[in-house]
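In the numbering used here, the protein residues as written are 1460 to 1863.
The beta carbon of each residue, even a glycine, is placed where N, CA and C say it ideally should be.
Computed from a prediction, not measured in an experiment: that's the story for all the values here.
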Amino acid sequence: MSSRREFLKKGLLLAGAATVGNSLIEKAFANPSEISIENYPPLVKYPTKKPLILHADRPPILETPREYFDKVITPNDAFFVRWHLADIPTKVDTATWRLKITGNVNREVELSLDDLKTKFEPVSYYAVLQCSGNGRAFYQKQQTPTGTQWTYGSMGNALWTGVRLSDVLRYAGVKPDSIEVAFDGLDKAPYPKTPDVIRSLHIDKCLYENLILAYEMNGEPLPLLNGFPIRLVVPGWYATHWIKSVTTITVLNEKLKNFWMEKAYHIPDNACHCVEPGEKPKRKRVISFMDVKSIIAKPKNNTVLRRGEVVKISGVAFDGGAGIKTVLLSFDNGKTWKPANLEPELGRYSFRGWFYYFKANKTGNVKVLAKAINKDGIEQPYGSGWNPGGYMWNGLDSITIKIV
């Protein structure tokens, strides 16, 4: 075990309480997302976290086990962890920490954590945070893309509490010719040539949509591993935009040009955001909103039931903000579909819980497929077309139930 991992495991502290042809589509959608995970990475316990699936330790990359998604709210101590740069903050002194708003503003300001909590109206809402590489491992049936081989658990749903980004920007005074807003966090690269993770959003999204600078997660201070003391929350969009441990906000009168905006987290610019496995896309665009998706949390894959036994099948569904209309289950490989029971809605950006009671009537293996449909009528596809980064997998989820 590296000394860095030992340091993180033993010394992490929270200061202050811390358009494409049919052949491509057919090949891409050949199988839903059931894969073997016999040799999957081990479970490792980090400070403030339950044992999570370890993909890397510098920086820490930890995945939430699938079974946690039988609940709509993901506990803080089971929430996935994803950092890009190796030198992450391991201690933050809230007495000296400041958020700086600079750039194309009428006045530069620095705000303490107490300032954010006392000078601005607090807001709260539920929203799903999902890494754009979630499900990357399921592209392996076509061709293994580069990057962390996530399966189900680089996502979670939480109640985020903080202040409106728009209120903070207006406090500093945004100049009329502003185009974008850039966000930088406390994580740093160990080498000068490694680009700092700075990402930007259009000024209109920052001023007129419900983005927040969150200082609480499920009613508690943000865990350090998840972005303490504040994190940008961009509901409905993938996690690449949710900058952690924000320390500097810069208003720009031109587009930000750097590695993270011009090269990283791009997908093919076509209807399926896909190309033939191994091909390079001719045109690309930045990843933004999440597609409709559902997963089966319980029972576990290859669960054995006796004939006549009843089991509760449960999971969650979500999308980029339209909201979930229905979740359907199939027990005959998609020939027919049965509606699942939906749990109460916690908001259009939240997980929507669902469940179904299945009776094992006949012996043999039964493959269960889950499909979500959002309120715009968009259906979760059978599979996802391949792209070089392995991004935005939202193919049907499946498990096998063995009846004896």
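Please look up how many angstroms separate the CB atoms of residue i and residue j, rounded, as I've assumed it's under 8 Å.
i	j	result
LEU1684	THR1507	7 Å
LYS1826	THR1859	5 Å
GLY1621	ALA1673	4 Å
VAL1863	THR1822	6 Å
SER1753	VAL1531	So it is not a contact: roughly 13 Å between Cβ atoms.
ILE1772	ILE1755	6 Å
GLY1844	CYS1731	4 Å
What residue does the alpha helix (DSSP H) around residue i start on, and which one ends it?
i	result
ASP1516	Counting along the chain, ASP1516 falls outside any alpha helix (DSSP H), though it belongs to the beta strand (DSSP E) covering 1511-1516.
ALA1673	From DSSP, ALA1673 is part of no alpha helix (DSSP H) but of the beta strand (DSSP E) over 1671-1676.
THR1577	1572-1578
VAL1627	1624-1631
LYS1714	Note, LYS1714: premise wrong, no alpha helix (DSSP H); not H, not E.
TYR1667	1662-1667
Could you spell out the range, first to last residue, of the beta strand (DSSP E) harbouring residue i?
i	result
SER1773	1769-1777
GLU1721	From DSSP, GLU1721 is part of no beta strand (DSSP E) but of the alpha helix (DSSP H) over 1718-1721.
ALA1554	Run containing ALA1554: none; DSSP gives neither H nor E here.
TYR1816	1811-1818
ASP1856	1856-1862
ALA1829	1823-1833
ASP1655	It is not in any beta strand (DSSP E) - ASP1655 carries neither H nor E in the DSSP assignment.
GLN1589	1581-1589
ASP1643	1639-1644
THR1785	1783-1789
Within the same chain, show all residues whose beta-carbon is closer than 6 Å to that of residue i, passing over the 5 residues directly before and after it, in chain order.
i	result
ASP1728	ARG1742, LYS1743, ARG1744
LYS1703	GLY1644, GLY1686, ARG1690
VAL1769	TYR1816, LYS1818
GLY1780	GLY1695, ARG1807, TYR1808
GLU1838	ILE1832
PRO1740	PRO1727, VAL1734
Where residue i and residue j are concerned, what is the direct C-alpha to C-alpha distance, given to the nearest angstrom?
i	j	result
ALA1655	LEU1544	The amino acid at residue 1655 is misidentified as Ala; the sequence shows Asp. Computed Cα separation, rounded: 8 Å.
ALA1641	GLN1601	36 Å
GLU1485	TYR1841	Its pLDDT being 41, under 50, GLU1485 is placed unreliably by the model, and the measurement read from it follows with that caveat. In a straight line, the C-alpha of GLU1485 is about 10 Å away from that of TYR1841.
PRO1519	ARG1541	6 Å
ILE1496	THR1610	With a pLDDT of 48 at ILE1496, under the threshold of 50, the modelled position of this residue cannot be trusted; read the value that follows with caution. One C-alpha to the other measures close to 9 Å.
THR1605	GLY1612	18 Å
THR1549	GLY1806	33 Å
ASN1853	ASP1663	28 Å
LYS1652	ARG1658	17 Å
THR1533	LYS1647	28 Å
PRO1688	TYR1585	19 Å
PRO1798	LEU1787	4 Å
VAL1692	VAL1582	12 Å
THR1706	LYS1576	16 Å
VAL1551	PHE1539	20 Å
PRO1649	TRP1701	22 Å
ASP1856	ASP1750	14 Å
ILE1726	LYS1757	31 Å
Identify, in the order they occur along the chain, each residue of the same chain with its Cβ nearer than 7 Å to the Cβ of residue i, setting aside the five sequence neighbours on each side.
i	result
GLY1562	THR1709, VAL1710, LEU1711
LYS1504	PRO1510
PRO1500	ILE1512, LEU1513, HIS1514
ASN1490	In this prediction, ASN1490 has a pLDDT of 45, which is less than 50 and means its spatial position is unreliable; what the coordinates show is noted afterwards. Closer than 7 Å at Cβ, skipping near neighbours: LYS1600, GLY1842.
Can you name, in chain order, every residue of its own chain whose Cβ lies under 8 Å from the Cβ of residue i, other than the five neighbours on each side?
i	result
GLY1632	VAL1564, ASN1565, ARG1566
ASN1535	THR1507, ALA1617, MET1676, ASN1677, GLU1679, PRO1682, ASN1685
TYR1667	SER1625
ILE1638	HIS1661, ILE1662, LEU1711, ASN1712, GLU1713, LYS1714
GLU1452	Nothing in the structure corresponds to residue 1452, since the chain is present only between 1460 and 1863.
LYS1634	ASN1563, VAL1564, ASN1565, VAL1710, ASN1712
Mind checking whether the beta-carbon of residue i lies closer than 7 Å to any heavy atom of the ligand SAH?
i	result
MET1851	This structure lacks the ligand SAH, and indeed carries no ligand of any kind.
- [ ] Check whether the stretch 1567-1581 touches the stretch 1716-1726, counting contact only when three or more Cβ pairs, one atom from each stretch, lie closer than 8 Å.
- [x] In short, these stretches do not touch, since the Cβ pair count stays below three.
(message) Using 8 Å as the cut-off, can you tell me whether the stretch 1609-1626 makes contact with the stretch 1831-1848, which would need three or more C-beta pairs spanning the two stretches below that distance?
(response) Taking 8 Å as the limit for Cβ pairs, the verdict is that the stretch 1831-1848 does not touch the stretch 1609-1626.
Review point. Would the stretch 1587-1607 and the stretch 1694-1712 be scored as touching if the rule is three or more Cβ pairs under 8 Å?
Key: Output reads yes: the stretch 1694-1712 touches the stretch 1587-1607.
Exercise. Is the number of C-beta pairs between the stretch 1772-1789 and the stretch 1831-1847 that are closer than 8 Å three or more?
Worked result: Touching, per the Cβ criterion.
_Can you confirm whether the stretch 1786-1802 touches the stretch 1515-1525 when touching is taken to mean that 3 or more C-beta pairs between the two stretches lie within less than 8 Å?_
No, the stretch 1515-1525 does not touch the stretch 1786-1802.
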